[in-house]
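A.B. asks: Before I ask anything, here is the structure I am working with.
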Amino acid sequence: MIKLYDYVLSVNCYKQRLMMDILGVEYESIPIDFYPGLEHKGDAFKKINPLGHIPVIDDDGFILRDAHAILVYLAAKYDTSGLWYPTADPELIGETAQWMLFAEGTTNTASAARLHVNLGYDFDIDAVRDGAHKLFRVLEEHLWFREQEGLGWVCSGAHPTIADLAIFPDVILSEEGGISRLEYPAIKRWTDRFKRTPGFSIMPGIFPAGPG
Amino acid sequence: MTQDLPQRHVFQGKLLGRELAVWRAEDEFVNVWENRCLHRGVRLSIGINDGRELRCQYHGWRYANRTAGCTYIPAHPADAPAQTICNRTFPAIERYGLVWSGEDPSGELPNITVLDEGNPFGLRSISVNAPAAQVATHLLEYRFLPPGELGEEVAIVSVDQQNDLSVTLTSVVGVVSSTAVFFVQPVDAGISVIRGMLSEVPADETRIAVLRHHSTELSRLRDRVEAEAASQPPPEPMVAAIEQVSVKLSTFPKRSEGHRAQHRVQVIRKWSSGEGIMAFELESIGAPLPTYQPGAHIDLHLPNGLVRQYSLTNGPGEGSVYRIGVKKEPNSRGGSSCLHETVREGDVLAISEPRNNFPLRRDAVKTILIAGGIGITPLLAMAQTLSRDRLDYELHYFAQSDDHLAFGSILDELGAGVVRHLGLSPDETGAALGTLLRTYEPSSHMYVCGPGPMLGATRKIATEAGWPDEAVHFEYFKNTNEVDDSRTFEVSLARSALTLQVPGGTSILEVLREHGVPMPSSCEQGACGTCSVNVLDGEVDHQDVYLNDTEKKTGDRMMTCVSRAKSDRLVLDV
Amino acid sequence: MEEMRSGIVEEATLLGTLVHFSTHAGDPMAWRAESGMRVGDRLEPAAVTNPLPVLVAYGYVWTSLGVPPKQIFEIPEYAEPDRRNIHAATIGVSCSAPRAVENFLDMGHFPFVHTGILGIEPHTEVAEYDVQIDEKNEIWATECVFYQPLAAATSQGGQMTDYVYRVPHPFCVLLYKSCPLDANRKDVIGLFVRSVAEDHIEASMFLSLIDDESSDSAIRRFQQTIFAQDKPILENQFPKLLPLDPRIETPIRADSVAITYRRWLSDLGVTYGVIPAA
Chain A
0 MIKLYDYVLS
10 VNCYKQRLMM
20 DILGVEYESI
30 PIDFYPGLEH
40 KGDAFKKINP
50 LGHIPVIDDD
60 GFILRDAHAI
70 LVYLAAKYDT
80 SGLWYPTADP
90 ELIGETAQWM
100 LFAEGTTNTA
110 SAARLHVNLG
120 YDFDIDAVRD
130 GAHKLFRVLE
140 EHLWFREQEG
150 LGWVCSGAHP
160 TIADLAIFPD
170 VILSEEGGIS
180 RLEYPAIKRW
190 TDRFKRTPGF
200 SIMPGIFPAG
210 PG
Chain B
0 MTQDLPQRHV
10 FQGKLLGREL
20 AVWRAEDEFV
30 NVWENRCLHR
40 GVRLSIGIND
50 GRELRCQYHG
60 WRYANRTAGC
70 TYIPAHPADA
80 PAQTICNRTF
90 PAIERYGLVW
100 SGEDPSGELP
110 NITVLDEGNP
120 FGLRSISVNA
130 PAAQVATHLL
140 EYRFLPPGEL
150 GEEVAIVSVD
160 QQNDLSVTLT
170 SVVGVVSSTA
180 VFFVQPVDAG
190 ISVIRGMLSE
200 VPADETRIAV
210 LRHHSTELSR
220 LRDRVEAEAA
230 SQPPPEPMVA
240 AIEQVSVKLS
250 TFPKRSEGHR
260 AQHRVQVIRK
270 WSSGEGIMAF
280 ELESIGAPLP
290 TYQPGAHIDL
300 HLPNGLVRQY
310 SLTNGPGEGS
320 VYRIGVKKEP
330 NSRGGSSCLH
340 ETVREGDVLA
350 ISEPRNNFPL
360 RRDAVKTILI
370 AGGIGITPLL
380 AMAQTLSRDR
390 LDYELHYFAQ
400 SDDHLAFGSI
410 LDELGAGVVR
420 HLGLSPDETG
430 AALGTLLRTY
440 EPSSHMYVCG
450 PGPMLGATRK
460 IATEAGWPDE
470 AVHFEYFKNT
480 NEVDDSRTFE
490 VSLARSALTL
500 QVPGGTSILE
510 VLREHGVPMP
520 SSCEQGACGT
530 CSVNVLDGEV
540 DHQDVYLNDT
550 EKKTGDRMMT
560 CVSRAKSDRL
570 VLDV
Chain C
0 MEEMRSGIVE
10 EATLLGTLVH
20 FSTHAGDPMA
30 WRAESGMRVG
40 DRLEPAAVTN
50 PLPVLVAYGY
60 VWTSLGVPPK
70 QIFEIPEYAE
80 PDRRNIHAAT
90 IGVSCSAPRA
100 VENFLDMGHF
110 PFVHTGILGI
120 EPHTEVAEYD
130 VQIDEKNEIW
140 ATECVFYQPL
150 AAATSQGGQM
160 TDYVYRVPHP
170 FCVLLYKSCP
180 LDANRKDVIG
190 LFVRSVAEDH
200 IEASMFLSLI
210 DDESSDSAIR
220 RFQQTIFAQD
230 KPILENQFPK
240 LLPLDPRIET
250 PIRADSVAIT
260 YRRWLSDLGV
270 TYGVIPAA
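Residue numbers (numbering that gives the first Met the number 0), protein chains in the order written: chain A, 0 to 211; chain B, 0 to 573; chain C, 0 to 277.
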């Protein structure tokens with residue numbers, strides 16, 4: 000069974016749990032005392048990941064780190080439908096890669112702001128909040144036009160991809176970092192849609208959607 | 000924007016510093032509410048729109064479509080919420096693909112001729128971090144190209160019309176023109192939203208390109224305004240005052256009082272719904288109909304002067320009309336015969352607020368509903384609620400025959416939850432009840448409504464099978480007991496510091512009213528529970544059919560319309 | 000204390016004032032951030048000319064910008080030898096201190112916010128309970144019971160769980176909960192709130208448990224999960240400051256302890272983090 004080195008309040012660990020829940024993949028969560036224990040910075044954990052961060056997965060001896068890389072692996076290996084990581088379609092896979100890089104941006108801004116507020120991480124809070132708003136404006140316009148095209152996801156297919164899954168947690172928890180989403184109605188509709196994906200699961204701080 | 004309000008979604012908006020929760024119900028009604036639950040101030044925009052009600056995320060309070068009245072408080076599942084727990088609502092009108100609302104709107108909405116005569120086409124709304132007036136000024140210099148001429152470099156743009164927060168522009172390239180109307184929504188002192196529309200829908204093949212053109216150009220305009228606004232001192236945010244709730248609500252909610260027929264309704268549909276049963280659909284002709292809860296009834300004031308109580312059969316969120324069922328009584332004293340024979344579609348009748356003395360708990364692990372004949376009406380409302388909440392329930396409907404079943408279409412919708420028991424003799428009915436009540440499981444509740452003898456039998460069977468009184472809920476439509484009102488006694492009113500004589504032939508209720516004590520009442524025959532008061536001292540002679548045996552033995556409540564004193568004196572908490 | 004680095008200057012904001020603190024020979028010191036030392040510097044005790052009062056209690060350093068009482072409220076359980084005292088986390092929240100305290104006093108939200116852990120629908124009823132203010136002017140809510148699914152790892156299905164709530168300080172609140180391992184004793188869970196600003200807090204969670212099975216990190220994980228579930232509620236309450244005017248919100252019987260708390264804050268004259276009644 001896949002082992003996930005995990006922390007319940009980590010956005011990036013949640014991305015892995017969510018992917019595996021949606022794909023129906025069984026996994027074992029190995030809890031890391033991220034806070035206050037800082038176990039991920041300890042010598043024992045650095046043998047697993049010398050960079051000292053989570054998540055990391057161990058799939059029957061194959062060890063992989065970095066949240067968005069793990070999503071690529073999980074979808075490529077376990078999604079038999081080929082929809083979450085759509086390698087069959089060059090344009091779609093290009094878009095997916097593009098928006099996965101966007102998710103690095105939301106992680107480094109919106110989720111950084113959350114770490115600053117929740118746990119006192121040392122970030123320039125005004126800069127990361129501004130950065131998040133800039134990205135959210137781009138995402139808002141993009142998703143609004145997707146709806147106009149009769150589509151609902153960040154890439155141009157009819158089905159969500161790992162790019163939606165990678166961006167969603169950073170966005171839905173942004174208010175914990177003091178980033179209001181009042182100005183982003185198309186983003187709110189997209190989060191509602193994403194919450195209704197079959198297999199969707201929550202983490203503390205996220206409420207499930209009501210009946211579709 | 001209308002397009003911001005899909006089904007099962009709650010839009011978070013803000014106008015003049017006040018946050019709003021805006022949601023569309025299944026019946027397409029657009030609700031604009033203050034974005035805070037009255038209970039603990041939690042934003043309703045994080046709540047759940049289930050199509051008919053909005054559920055607060057914090058304690059699960061439910062608020063009805065249209066009225067915003069609270070229909071359920073899960074922490075007190077045995078109580079009906081006070082009628083007056085109602086979120087602050089603002090009026091809303093949909094026009095030109097926009098939802099218009101305001102704090103104290105006065106007058107009419109502006110008529111925009113080009114939009115009235117044209118075919119409005121909504122553009123993407125653009126949020127701007129700048130004051131509304133500044134945004135409106137910049138919009139006068141907005142430049143855009145007409146659909147079909149998007150490849151051009153330059154267009155001549157003129158200002159057709161200009162108000163405080165709106166501007167109409169026409170762009171011309173050669174013989175091609177396009178008119179756009181922009182409204183600036185003042186979100187807060189330093190935040191605005193540009194909501195724009197074209198007067199005509201562009202051709203399908205250019206639709207997306209036109210939308211992109213405006214989105215791009217308006218975003219550029221936004222960047223200019225924001226750069227300008229950033230160089231000025233930021234304005235103080237607006238403060239939206241919070242309206243106080245009533246003094247009554249600020250302590251503990253009590254049931255509403257009064258025996259008045261505040262509402263006027265029109266019979267918009269009357270139809271035969273089963274052998275000897277007429278169904279009526281009543282629509283308000285004044286203020287919207289008040290919030291109701293499953294189990295509630297209304298007083299219906301008939302043209303012949305009689306007042307009768309009827310249970311609402313409505314499911315949750317169907318608040319635009321009230322639906323009742325009336326059985327023709329063979330020995331009618333004028334109530335049911337008047338409704339069957341005299342009242343027609345189009346007639347106007349007076350009704351009271353809905354009152355709920357038969358509230359439905361929604362914290363039961365299993366709920367058994369037992370209806371005898373026309374007793375189905377309150378139980379239909381309950382069954383629809385339980386079914387929507389996906390709670391475990393059974394509705395057992397005892398009737399003479401298939402033809403005697405009322406509201407067949409609702410029964411069909413409920414599907415497998417309904418068990419029909421047709422044409423049973425009293426003994427067979429008793430046996431069937433014995434089977435379905437044979438074991439009591441903790442956290443189960445049963446509700447029964449129907450003819451008096453059947454209710455009596457059901458309650459007896461339940462008690463024998465081990466059902467505790469608090470799990471057995473019943474509603475009598477009438478009190479068939481002979482009321483003995485011969486005794487004379489005294490009542491002391493603890494709170495009003497009054498002592499009054501109650502002579503034979505007069506009820507406590509009547510004596511209280513004569514002395515100016517306002518008392519709610521409804522059926523006035525000891526069946527509905529509306530005139531209940533708490534008893535502080537003295538022994539009560541219970542003559543009602545509303546309280547159960549345990550409650551009667553406890554003796555701390557009484558129905559003032561029929562019950563009297565065994566002791567010489569009663570002290571009431573009035 | 001366990002998060003402090005010995006002899007290194009650290010900072011925290013208290014009521015809008017930046018405070019520096021550190022330990023010197025094992026004893027804590029705190030002072031207004033005006034000594035010339037910066038965060039991360041080695042402590043130079045002589046540079047602290049104007050120290051703030053400090054005391055150590057329950058594993059935390061307590062200080063005050065004013066003149067505090069000599070003693071802090073008592074938690075006798077802390078000293079019981081067979082208990083485990085655990086600091087679960089300090090987490091920042093954009094809300095006022097009394098909103099966080101009031102949420103901690105609330106059972107009605109368990110099925111909706113802590114679904115499947117502290118409560119579950121349809122078991123939503125909050126039964127009547129008692130609220131009193133004792134001779135030390137502390138609020139006690141007793142005889143509280145609420146249905147908890149999987150109340151203990153050993154139990155199949157849910158059961159009614161007993162709670163006692165205690166408010167010994169405007170911004171500190173304690174909960175005594177049925178102990179699964181010893182029917183005669185209660186586990187203690189505390190929430191100690193430091194107001195960074197009127198609408199921003201850092202809340203510390205403290206536990207004193209009778210439990211020799213769970214690991215510290217498992218206990219912390221549980222407590223952090225619960226608190227993180229409350230966070231979006233606290234951050235979405237409006238107004239952010241707690242209104243003491245009884246006509247701003249609508250209480251029900253289940254809120255008896257909250258109503259007492261609001262009146263008590265009014266009577267104490269607390270003005271920070273609240274909207275005083277007119």
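Quick reminder that beta carbons are idealized off the backbone N, C-alpha and C, glycines included.
Given the structure is predicted, the values throughout are model-derived calculations rather than measurements.
Quick one: residues in its chain with C-beta nearer than 6 Å to the C-beta of residue 127 of chain B, no 5 flanking neighbours on either side, listed in chain order?
C.D. replies: Cβ within range, chain order: 134, 191, 221, 224.
A.B. asks: Helix, strand or coil for residue 30 of chain C? Go by DSSP, reduced to three states.
C.D. replies: Three-state result, residue 30 of chain C: strand.
A.B. asks: I'd like to check one pair, residue 194 of chain C with residue 170 of chain C: are the Cβ atoms closer than 8 Å?
C.D. replies: Cβ distance < 8 Å, so residue 170 of chain C and residue 194 of chain C count as in contact.
A.B. asks: How many angstroms separate the CA atom of residue 545 of chain B from the CA atom of residue 42 of chain B?
C.D. replies: If I take the Cα positions, the gap works out to 39 Å.
A.B. asks: Counting only Cβ pairs nearer than 7 Å, list the residues of chain C close to residue 117 of chain A.
C.D. replies: Under the 7 Å cutoff, chain C gives 90, 91.
A.B. asks: Is DSSP giving residue 43 of chain C helix, strand or coil here?
C.D. replies: Coil at residue 43 of chain C, not helix or strand.
A.B. asks: Return helix, strand or coil for residue 26 of chain A, following the three-state DSSP convention.
C.D. replies: Correct three-state label for residue 26 of chain A: strand.
A.B. asks: My assumption, with CB atoms under 8 Å, is that residue 169 of chain A sits in contact with residue 7 of chain A. Please give the rounded CB distance.
C.D. replies: Going by Cβ atoms, the distance from residue 169 of chain A to residue 7 of chain A rounds to 17 Å, so no, they are not a contact pair.
A.B. asks: Kindly provide the ranges of any beta strand (DSSP E) runs that are 3 or more residues long and lie completely inside the segment 192–238 of chain C, ordered along the chain.
C.D. replies: The segment 192–238 of chain C contains these whole beta strand (DSSP E) runs: 199–208.
A.B. asks: By Cβ distance, which residues of its chain are closer than 8 Å to residue 302 of chain B, with the 5 residues on each side in sequence left out?
C.D. replies: Within the same chain, residue 302 of chain B has close Cβ partners 337, 341, 342, 346, 348.
A.B. asks: Run through the segment 128–152 of chain C for me and flag every whole beta strand (DSSP E) of 3 or more residues, listed as ranges in chain order.
C.D. replies: Complete beta strand (DSSP E) runs here, min 3: 129–132, 138–147.
A.B. asks: Around the C-beta of residue 139 of chain B, are 16 or more other C-beta atoms found within 10 angstroms, so that it is buried, or is it exposed?
C.D. replies: Exposed: under 16 other Cβ atoms inside 10 Å.
A.B. asks: Can you grab the Cα-Cα spacing for the pair residue 9 of chain C / residue 24 of chain B, in whole Å?
C.D. replies: Their Cα atoms are separated by approximately 53 Å.
A.B. asks: If residue 66 of chain B sits next to residue 318 of chain B, beta carbons under 8 Å apart, how far is it from one beta carbon to the other, in whole angstroms?
C.D. replies: Rounded, the Cβ-Cβ distance is 6 Å, consistent with contact.
A.B. asks: Measure the C-alpha to C-alpha separation of residue 258 of chain B and residue 220 of chain C and round it to an integer number of angstroms.
C.D. replies: Residue confidence for residue 258 of chain B is low, a pLDDT of 44 falling below 50, so the modelled location carries little weight; the figure read from the coordinates is stated next. Cα to Cα, residue 258 of chain B sits roughly 56 Å from residue 220 of chain C.
A.B. asks: I want to verify the contact list: residues of chain A whose CB lies under 8 Å from the CB of residue 224 of chain C, in sequence order.
C.D. replies: Correct list: 7, 8, 203.
A.B. asks: Count the other CB atoms, across all protein chains shown, that sit within 10 Å of the CB of residue 217 of chain C; report buried if there are 16 or more and exposed otherwise.
C.D. replies: Exposed, because fewer than 16 other Cβ atoms sit within 10 Å of the Cβ of residue 217 of chain C.
A.B. asks: If you measure from the beta carbon of residue 210 of chain A to each beta carbon in chain C, is any gap under 8 Å?
C.D. replies: Judged by the 8 Å Cβ criterion, residue 210 of chain A is not in contact with chain C.
A.B. asks: Using only CA atoms, which one of C/209, C/212, C/242, C/249 lies nearest to residue 244 of chain B?
C.D. replies: Closest by alpha carbon: C/249.
A.B. asks: Give me the chain B residues within the contact set of residue 175 of chain A, using Cβ-Cβ distance strictly less than 7 Å, ordered along the chain.
C.D. replies: Chain B residues near residue 175 of chain A: none, gap ~13 Å exceeds 7 Å.
A.B. asks: Using 7 Å as the cut-off, classify the Cβ of residue 112 of chain C as near or not near the heavy atoms of the ligand GTP, replying yes or no.
C.D. replies: For the structure depicted, the ligand GTP is absent and the ligand set is empty, with no information on it obtainable.
A.B. asks: Just confirm the distance between the C-beta atoms of residue 210 of chain B and residue 147 of chain A, as a whole number of angstroms; I'd bet it's less than 8 Å.
C.D. replies: That belief holds up - the Cβ atoms of residue 210 of chain B and residue 147 of chain A are roughly 6 Å apart, short of 8 Å.
A.B. asks: By Cβ distance, which residues of its chain are closer than 7 Å to residue 252 of chain B, with the 5 residues on each side in sequence left out?
C.D. replies: Unreliable placement is indicated for residue 252 of chain B, whose pLDDT of 39 sits below 50; no coordinate value is reported for it.
A.B. asks: So which of A/71, A/30, A/45 has the shortest CA-CA distance to residue 214 of chain C?
C.D. replies: Nearest option by C-alpha distance: A/30.
A.B. asks: When burial is assigned at 16 or more other CB atoms within 10 Å of the CB, is residue 125 of chain A buried or exposed?
C.D. replies: Exposed, since its Cβ has fewer than 16 Cβ neighbours within 10 Å.
A.B. asks: With a Cβ-Cβ cutoff of 8 Å, do residue 239 of chain B and residue 17 of chain B count as a contact?
C.D. replies: Against a cut-off of 8 Å, the Cβ pair of residue 17 of chain B and residue 239 of chain B comes out as a contact.
A.B. asks: Residue 154 of chain A: which of A/176, A/12, A/89 sits nearest, CA to CA?
C.D. replies: Out of A/176, A/12, A/89, A/89 has the C-alpha closest to the C-alpha of residue 154 of chain A.
A.B. asks: Cutting at 6 Å between CB atoms, please list the residues of its own chain near residue 478 of chain B, excluding the five before and the five after it.
C.D. replies: Hits under 6 Å: 524, 525, 526, 544.
A.B. asks: Residue 74 of chain C and residue 61 of chain C - do their beta-carbons sit closer together than 8 Å?
C.D. replies: Not in contact: residue 61 of chain C and residue 74 of chain C (Cβ atoms no closer than 8 Å).
A.B. asks: At what residues does the beta strand (DSSP E) containing residue 9 of chain C begin and finish?
C.D. replies: It spans 9–13 - the beta strand (DSSP E) in which residue 9 of chain C sits, taken as one unbroken run.
A.B. asks: Identify, in the order they occur along the chain, each residue of the same chain with its Cβ nearer than 6 Å to the Cβ of residue 54 of chain C, setting aside the five sequence neighbours on each side.
C.D. replies: Within the same chain, residue 54 of chain C has close Cβ partners 61.
A.B. asks: Starting from the beta carbon of residue 248 of chain C, find every residue of chain B whose beta carbon is closer than 7 Å, and list them in chain order.
C.D. replies: What residue 248 of chain C touches in chain B: 37, 38, 39, 40.
A.B. asks: In the DSSP assignment, what are the bridge partners of residue 112 of chain B?
C.D. replies: Per DSSP, none; premise fails for residue 112 of chain B.
A.B. asks: Going along chain C in order, which residues have a C-beta closer than 9 Å to the C-beta of residue 400 of chain B?
C.D. replies: None at all; the shortest Cβ gap to chain C is about 35 Å.
A.B. asks: If you follow the alpha helix (DSSP H) that residue 327 of chain B is in, where does it begin and where does it stop?
C.D. replies: First-last for residue 327 of chain B: undefined, no H or E at that position.
A.B. asks: Would you report the Cα separation of residue 244 of chain C and residue 399 of chain B, rounded to the nearest angstrom?
C.D. replies: Going from the Cα of residue 244 of chain C to the Cα of residue 399 of chain B covers about 58 Å.
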